[in-house]
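The sequence shown begins at 79 in the working numbering and counts up by one.
Here a beta-carbon is modelled for each residue, glycine too, at the ideal position from N, C-alpha and C.
Every value quoted in this text rests on a predicted model; they were computed, and no experiment measured them.
Heads up, the thing below is written out as C-alpha cells.
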Amino acid sequence: MKLSWNLSFNHKHKHLVVKFVVAILLMGIALRLFFSTSTGYFSPRIEETPFPEKTVAAEQPISVQVPPDEPISVKVPQDEPIPVRFPQDEDQDQIPLPRKETPFPEKTVVSESPISAEVPENGQDQIPPLKGECDLFTGDWVPNTSGPAYNESCPIIENPQNCIRNGRPDTGYLYWRWNPRDCEIPKFDPERFLEMMRNKAWALIGDSISRNHVQSLLCMLSTVEQAVQVYHDKDYRSRRWHFPSYNFSVSVIWSPFLAKAAIFEDYNGVATSEVELHLDKLDRTWVDQFHSWEYMVISTGKWFLKTAIYYENNEVLGCHYCPKRNLTELGFDFSYRKVLSFVMDYLVTSDYKGMIFFRTSTPDHFENGEWFNGGNCERTAPVKEGEVALKEVHKILRRIELEVLEKAAAEASKSGVNLKLLDLVPLSLMRPDGHPGPYRHYHPFDHDKNAKVQTDCLHWCLPGPIDSWNDILMEMVVNG
Ligand SMILES: *[C@@H]1O[C@H](CO)[C@@H](O)[C@H](O)[C@H]1NC(C)=O
Ligand SMILES: *[C@@H]1O[C@H](CO)[C@@H](O)[C@H](O)[C@H]1NC(C)=O
Ligand SMILES: *[C@@H]1O[C@H](CO)[C@@H](O)[C@H](O)[C@H]1NC(C)=O
Ligand SMILES: *[C@@H]1O[C@H](CO)[C@@H](O)[C@H](O)[C@H]1NC(C)=O
C-alpha cells in the first residue's frame with residue numbers, strides 16, 4: 079500500500095522539538111480544562127455508566143458556568159499560570175500535537191532534542207500488502223444514502239460521543255461509505271457476525287479511542303440483541319459485555335501504554351507526578367487474560383507523548399520531558415519503539431491461537447489551533463486523500479508503528495501467530511467531519527450562541543465514520 083503523505087520530516091525536526099516542548103508546557107492547564115469539562119456528562123439514562131464523578135476542584139482556576147441542563151461549559155481563562163500537572167482522566171488522550179501553523183512562542187527550553195532517534199528519511203512508507211487480493215485501507219469515501227446502522231438511542235453511546243443527541247445540526251457526515259479501490263466490502267452484518275462469534279470472545283485493548291470503537295461495535299451488534307454488561311473495573315474503563323443468545327463476549331481493556339505504568343492522581347484526578355513507565359514490563363490487565371480471547375484489537379500511541387519517567391529493571395533509565403529532574407531525555411519515540419517492539423515480540427512468540435489486529439493510532443483533526451487553544455473541526459464532509467496532512471508528531475508515531483509491525487508480521491508468519499495490521503489512519507484522516515467538536519457537550523449553544531466550549535476533534539461521533547472500522551474488521555474476519 080502506498081501512503082499518500084510524505085513521511086519525511088527531518089528538516090522540520092528542530093522547529094518541531096521546540097514547539098513540542100512549549101506545547102507540553104501548555105498542556106497542563108488545558109488538561110485541567112478538559113478534565114473539568116469531562117465531569118457530569120453521563121446522563122442518568124445510562125445507568126451502568128457512572129464514570130467517577132470527580133468534582134471540579136474548589137481551587138480550580140477556571141470559572142465554570144453550569145447551565146440548567148447539567149453539562150458544564152467552561153470559560154477559557156486568558157492568562158493563567160501553567161501548571162504542569164496531568165489530570166488522570168480518559169480524556170487525557172487529548173494530547174498537544176504541535177503543528178506548523180501554531181505560532182508558539184519560540185522559547186528554547188531544551189538544548190537537546192527530546193526526540194532521540196533519528197528516523198531514517200527513506201524507506202518504510204510502505205505497508206506490506208495484505209495476503210492476496212484487495213487492499214481494504216486504500217480507497218475513497220463515497221456518498222451513500224442508506225445511513226448508519228443504528229441511531230442515537232443506542233444506550234451504549236457515551237454522551238460526549240452522542241453528537242446527534244447533543245444537537246449537532248448537520249447530518250451529512252452520516253451518509254458516506256468507505257469504498258476500497260479494488261473491491262467492495264459489504265456492510266457489517268451483525269447477525270452473521272454474532273453467529274460466527276458464538277462461544278467466542280473479543281477484546282479491544284488500548285486507550286479511549288478503543289473505547290470509542292467498542293461502543294460502535296456494540297451498537298451495531300445491539301440491533302440484533304442487547305448487550306448485557308457483565309463486568310466493569312472501578313473506573314469503568316475496562317468493561318465486558320455479553321450477548322446471551324450467542325454466548326459472545328466483548329471486552330474493552332484500558333491499557334493506554336500496553337506496558338506497566340503507574341499514573342498518579344489525587345482525588346480530583348489531577349496527577350501529582352509524572353507517569354512511571356516500565357519499558358520492560360507489560361501491563362497485566364491484558365497480559366493476564368489474553369489467552370481467553372479469540373480476537374484482540376490492540377492499539378496505543380498518544381499516551382506516549384506525555385511527560386513520563388522511564389524504567390528498566392526497576393531502575394530509572396531516563397524520561398520524556400522532565401526538565402526539573404536531572405535525567406536523560408530519551409524522547410517519546412524511544413519509549414514507543416521499545417514498548418511496541420516488546421509487545422509485538424511477546425505476542426508473536428506466544429502460542430496465541432486467536433487473531434490479533436494491531437490498529438494504528440488514528441489522527442485528530444484540530445484546525446486553526448490545537449485542542450487547548452481554540453482549535454476546531456467544523457468541516458461537514460470528508461476530504462479527498464492528501465487534502466489533510468498528518469501532523470508531525472503523528473508521523474513519528476506512525477513511522478514507528480509501521481516499522482515495528484513490519485518486523486512483527488515477518489516473525490508472526492514464521493511462528494504461526496495470526497497478526498494483522500488494521501491500518502485505519504488513511505481512511506480516518508479523510509474524515510475531519512466525523513468528530514464531535516463542540517457537540518461533545520449537550521446542546522452547547524442553546525443558551526449562548528457564542529459559548530466557549532472545549533471541542534473534541536479526536537474522538538468520533540457515534541454513529542459516525544468509525545462504524546466503517548467494523549465493516550473492515552468483519553471483512554478481515556470472514557476472509558482471514
Ligand atoms: C432508533 O432505533 C431504534 C431501534 O432500532 C428504533 O426503535 C427507533 O425508532 C429509532 N429512532 C429514531 C429516531 O430513528
Ligand atoms: C450504499 O451502500 C450499500 C452497501 O454498503 C450498497 O448496497 C448500496 O447500493 C449503496 N447505495 C447507494 C445509493 O450507493
Ligand atoms: C461460552 O463461551 C465461553 C468462551 O467465551 C466458553 O468457555 C463457555 O463454555 C461457553 N458456554 C457455553 C454454555 O457454551
Ligand atoms: C546530574 O547528574 C549527573 C550524572 O548523574 C551528575 O554528574 C550531576 O552532578 C547532576 N547534576 C545535578 C544538578 O544534580
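{"Asked": "Straight-line Cα distance separating residue 391 from residue 542", "Found": "43 Å"}
{"Asked": "Any chain D beta carbon closer than 9 Å to residue 237", "Found": "As a matter of chain content, chain D is missing from the structure shown, which is built from one protein chain."}
{"Asked": "Nearest-angstrom Cα separation, counted from residue 506 out to residue 275", "Found": "27 Å"}
{"Asked": "Three-state class that DSSP yields for residue 288 in the structure shown", "Found": "helix"}
{"Asked": "Per-residue burial, residue 186 [other beta carbons within 10 Å of its own, 16 or more giving buried]", "Found": "Note that residue 186 has pLDDT 30, beneath the 50 cutoff, so the model's placement of it is unreliable and the number below is only indicative. Flag for residue 186 reads exposed."}
{"Asked": "Where residue 396 sits in the DSSP three-state scheme", "Found": "strand"}
{"Asked": "Where the beta strand (DSSP E) containing residue 358 begins and where it ends", "Found": "353 to 360"}
{"Asked": "Limits of the unbroken beta strand (DSSP E) element including residue 327", "Found": "326 to 332"}
{"Asked": "Rounded C-alpha distance that separates residue 229 from residue 386", "Found": "40 Å"}
{"Asked": "Classification of residue 309 by the beta-carbon crowding that lies within 10 angstroms, buried from 16 upward", "Found": "exposed"}
{"Asked": "Chain-ordered residues, beta carbon under 5 Å from a heavy atom of ligand 3", "Found": "277, 279 and 325"}
{"Asked": "Cβ contact (3+ pairs, closer than 8 Å) linking the region 460 to 472 and the region 394 to 407", "Found": "no"}
{"Asked": "Sheet register partners of residue 433 (DSSP bridge)", "Found": "373 and 496"}
{"Asked": "Spatial distance of residue 432 from residue 483 (CA atoms)", "Found": "17 Å"}
{"Asked": "Under 9 Å between C-beta atoms of residue 518 and residue 293", "Found": "no"}
{"Asked": "Inter-stretch contact (C-beta, 8 Å, three-pair minimum) for the region 423 to 438 and the region 368 to 377", "Found": "yes"}
{"Asked": "Residue burial classification, residue 350 (beta-carbon count within 10 angstroms, cutoff 16)", "Found": "exposed"}
{"Asked": "Within the region 413 to 468, ranges of the beta strand (DSSP E) (whole runs, at least 3 residues)", "Found": "433 to 437"}
{"Asked": "beta-carbon residue 224 near ligand 2 non-hydrogen atom, thresh 8 Å", "Found": "yes"}
{"Asked": "C-alpha distance - residue 397 paired with residue 454, whole-angstrom precision", "Found": "31 Å"}
{"Asked": "Distance cut 5 Å, beta-carbon to ligand 1 heavy atom: residue list by chain order", "Found": "229 and 231"}
{"Asked": "DSSP-derived helix/strand/coil call for residue 308", "Found": "strand"}
{"Asked": "DSSP three-state assignment for residue 478, whether helix, strand or coil", "Found": "helix"}
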